[in-house]
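All residue numbers for the sequence shown refer to this note's numbering, where the first residue is 35 and numbers rise by one.
Here's the structure, in structure tokens; my notes come after.
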Amino acid sequence: MLCVENLHYSYGTINALSGISFQVNEGEIVALIGANGAGKSTTLLNISGLLHPQSGLIKYQGVDISKLPPHKVVEAGISLVPEGRRVFSRMTVLENLVMGAYLKKSRVEIKESIERVFDRFTRLKERRNQLAGTLSGGEQQMLAIGRALMSKPKLLLMDEPSMGLAPMLVQEIFSIAKEINQSGTTILLVEQNAYMALSIAQHAYVLETGAIVLQGTAEEIANNP
Ligand code: ADP
Ligand code: ADP
């Protein structure tokens with residue numbers, strides 16, 4: 035479904051990705067794990083069209099998307115849950131979701147997508163008219179995920195969804211990710227929390243200072259000393 039080939043990205047003189055290659059098969063959860071600064075977010079930003087690589091290919095369903103602007107990437111079926119529970123804190127839950135609906139959607143389609151998100155996140159439904167900034171950290175993360183689902187992505191990119199959350203909530207976020215996957219959405223999951231990521235992924239890649247140093251099934255990676 036997604037095939038990243040020899041991707042290079044640098045921020046000025048800072049080399050963040052030095053030629054990484056990996057792939058995501060349709061239907062899977064693939065984990066991209068690594069320490070802080072390894073290049074995980076940079077990878078997702080490149081796939082999302084928010085950054086453009088200096089060289090390399092990002093093939094999505096056989097077509098290179100590395101030069102597309104972000105809205106075209108969303109239209110193609112890829113959606114990002116950004117790092118750090120980004121929500122529009124002065125907008126309500128409902129307004130945040132509408133922001134995720136993106137272009138060319140009718141009111142009926144938007145309503146239907148909102149209902150779909152509320153079916154999955156009943157806590158958000160109860161708080162639909164509350165300002166996002168007043169939600170708990172876990173609820174904000176759910177809202178960020180819900181907003182990404184508004185465009186009905188085929189591939190969901192998740193950037194450290196467990197960051198800064200209490201262990202119980204981490205469990206909850208990961209089981210939500212698993213449910214989303216089981217209902218047909220492929221997931222590329224970026225995590226520092228290797229243990230949790232490997233518990234739900236089929237395949238995994240380990241990133242270290244801009245290079246992939248290990249790859250295999252989640253089981254192989256988990257058993258690697
Ligand atoms: P990770 O998501 O794995 O923590 P990042 O992709 O955020 O890693 O960062 C990879 C490297 O790029 C790091 O060395 C980081 O300091 C650097 N970097 C990230 N964002 C910027 C930026 N906006 N400007 C300059 N350097 C950056
Ligand atoms: P605050 O109350 O912290 O000042 P705001 O209500 O002004 O925050 O904005 C909410 C946050 O959403 C900001 O941190 C803003 O940077 C962030 N943001 C900006 N663009 C996006 C986006 N595309 N998706 C999600 N969050 C975004």
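Quick reminder that beta carbons are idealized off the backbone N, C-alpha and C, glycines included.
Keep in mind it's a predicted model, so treat the numbers as computed, not measured.
Closest by C-alpha distance to A245, out of H42, C37 and M35, is H42. Taking 4 residues as the minimum length, the alpha helix (DSSP H) runs contained wholly in the segment 49-91 are 74-82, in order along the chain. Using a C-beta cut-off of 8 Å, the segment 78-92 makes no contact with the segment 152-170, since fewer than three inter-stretch Cβ pairs fall below that distance. Taking C-alpha positions only, Y136 is separated from G90 by approximately 28 Å.
Residue state for G172 is assigned as helix, using DSSP reduced to three classes. In terms of side-chain proximity, the C-beta atom of S209 is found no nearer than 7 Å to any non-hydrogen atom of ligand 1. Taking a cut-off of 6 Å from the heavy atoms of ligand 1, the residues with a C-beta inside it are Y45, I48, A50, G68, N70, G71, A72, G73, K74, S75 and T76.
The continuous stretches of alpha helix (DSSP H) do not include I99, and DSSP gives it neither H nor E. For E225, the enclosing beta strand (DSSP E) covers residues T220 to E225.
Out of M192, K74, T76 and T47, the CA that lies nearest to the CA of R120 is found in M192.
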